[in-house]
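Data block below; observations after.
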Amino acid sequence: MEKKMVVCLGELLIDFVPQSNGLPLSQVDTFHRAAGGAPANVAAAVAKLGGRSRFIGKVGRDPFGDYLHTALGEAGVEPALVATDEARTGLAFVSLREDGERDFVFFRNPAADMLLRKDEVEDAWLQDAAIFHFGSVSLIAEPCRTATLDAARRARAFGALVSYDPNVRLPLWANADFARRTILDQLPSADLVKVSEDEIGFLYGGVSIEEGARLMLGLGPSCVVVTLGAAGCRVFTQTGDVTVPGVRVEPVDTTGAGDGFVGGLLWGLADAGVQAASLGEALADPTFAVDALRFANAVGALATTKRGAIPALPTRSEVVEKLGGEA
Ligand code: ADP
């Protein structure tokens, strides 16, 4: 049987967002809850497009964990959640201030997602994975760090293509050097790496996108995708690169654009049956690369047209319509 399942592992939390933006957190009195966590958003994006996805993570045995379990199910994601009494479900309060800066406070001292252990991740959750996807927030602390890396290794041994979106969230790390070193250390364990232009700057300081992507490719991945915001993205393989322009929209909230983009890309790769061994070749083919990345760009773009991450994710027919109706 062909495997098309996209398995995502990592942080799962509730974002509390003000009912209206523009105030510092100290002045907000009414919040709205939303399921969050980058790998969970990616799983939701795949499901919304009509693909199969599973999310592996840990929540507290509390009403917020129950809510996240339900929210994943409602998004069409198969929840593979471990519940614990050792810590509460992770929470984050985030406000967009008048000046456009984000004001945020995390309740993760620790949060349940950080306590996932490798022995809690069942083989059955990894065996049918066509793609295994992880980020770097779950690499910050033990035991979740080892659980993430061990699951990536096992998924690869079961035949999955491994995808890594470093998704740098500096305030969560002890310091920038530790973040940079940890993020770079994991590049060899991935077949596909997605970074933003800013992340290349953070990781390699002052190099061009091209140089940064080549440095990453030198470490093992067969493909590096660099997102360029409204300008779209650029995909690098061992044999060349292709730039794919963005899809024009009127953005309302850019939260989740990157996760939507990754979900769109992984959905396309899984649907086309691309495997780890054929990834470099597939994306070195300009026709396939342009189709797959135009689709991913459209998912990222449409994700900016509504508030929030998961509620803003498009269906496959919305993407096809945005791209002019073909496919
Ligand atoms: P991240 O959210 O990880 O920082 P980007 O902001 O580069 O990543 O966005 C990811 C992708 O989402 C882009 O490559 C692009 O396809 C799409 N996107 C993001 N912002 C816009 C925008 N304003 N207009 C159109 N597409 C966008």
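My numbering numbers the first residue of the sequence shown as -2 and each following residue consecutively.
Heads up, the beta-carbon is just placed ideally off N, CA and C, and yes, glycines get one too.
The structure displayed is predicted, hence computed values, not measured ones.
Put simply, the backbone Cα of I128 is about 17 angstroms away from that of G73. DSSP places L88 inside the beta strand (DSSP E), whose first and last residues are 87 to 93.
When Cβ pairs closer than 8 angstroms are counted between the two stretches, the region 211 to 222 is seen not to touch the region 48 to 63, the count staying below three. Taking the Cβ of S133 as the reference point, every heavy atom of the ligand ADP lies at 7 angstroms or farther away. Here T27 is exposed: its Cβ has fewer than 16 other Cβ atoms, across all protein chains shown, within 10 Å. For the region 216 to 304, the full-length beta strand (DSSP E) segments reaching 3 residues or more read 220 to 224, 229 to 234, 237 to 242 along the chain. Note on geometry: alpha-carbon atoms of V102 and G243 lie some 32 angstroms from one another. Under DSSP, the beta-bridge partners assigned to L78 are G54. Near the ligand ADP, residues with a Cβ at less than 6 angstroms from any of the ligand's heavy atoms are S193, T224, L225, G226, A227, G229, C230, G243, V244, V246, P248, T251, A254, G255, F258, N294, G297, A298, T301; the list follows chain order. V249 counts as exposed, since fewer than 16 other beta carbons sit within 10 angstroms of its beta carbon. When the beta-carbon positions are compared, L263 and S160 come within less than 8 angstroms of each other. Taking the C-beta atoms as reference points, G265 is found no nearer than 8 angstroms to G297.
The region 302 to 320 makes contact with the region 35 to 49: 3 or more CB pairs, one atom from each, lie closer than 8 angstroms. Shown here, P36 sits in a helix according to DSSP, grouped into three states. If you draw a straight line from the Cα of L22 to the Cα of D12, it comes to about 13 angstroms.
In the three-state reduction of the DSSP assignment, F129 falls in the strand class, which pools E and B. Under the three-state reduction of DSSP output, L6 falls in the strand class. Distance from the CA atom of E71 to the CA atom of V204, rounded to whole angstroms, is 43 angstroms. Rounded to the nearest whole angstrom, the C-alpha separation of E315 and T302 is 12 angstroms. Approximately 11 angstroms separates the beta-carbon atoms of D110 and G132; this is outside 8 angstroms, ruling out the contact.
In this structure, I180 sits away from E194, with a CB-CB distance that is not shorter than 8 angstroms.
For L20, the secondary structure class from DSSP, reduced to helix, strand or coil, is coil.
Between Y201 and G209, the alpha-carbon positions lie close to 7 angstroms from each other.
Contact check for A300 and G253: beta-carbon distance about 5 angstroms, within the 8 angstroms limit, so the pair qualifies. Residue ranges of uninterrupted beta strand (DSSP E) with 3 or more members, entirely inside the region 136 to 187 and ordered along the chain, are 158 to 162. Inter-residue distance for F199 and R142 is about 21 angstroms (C-alpha atoms, whole angstroms).
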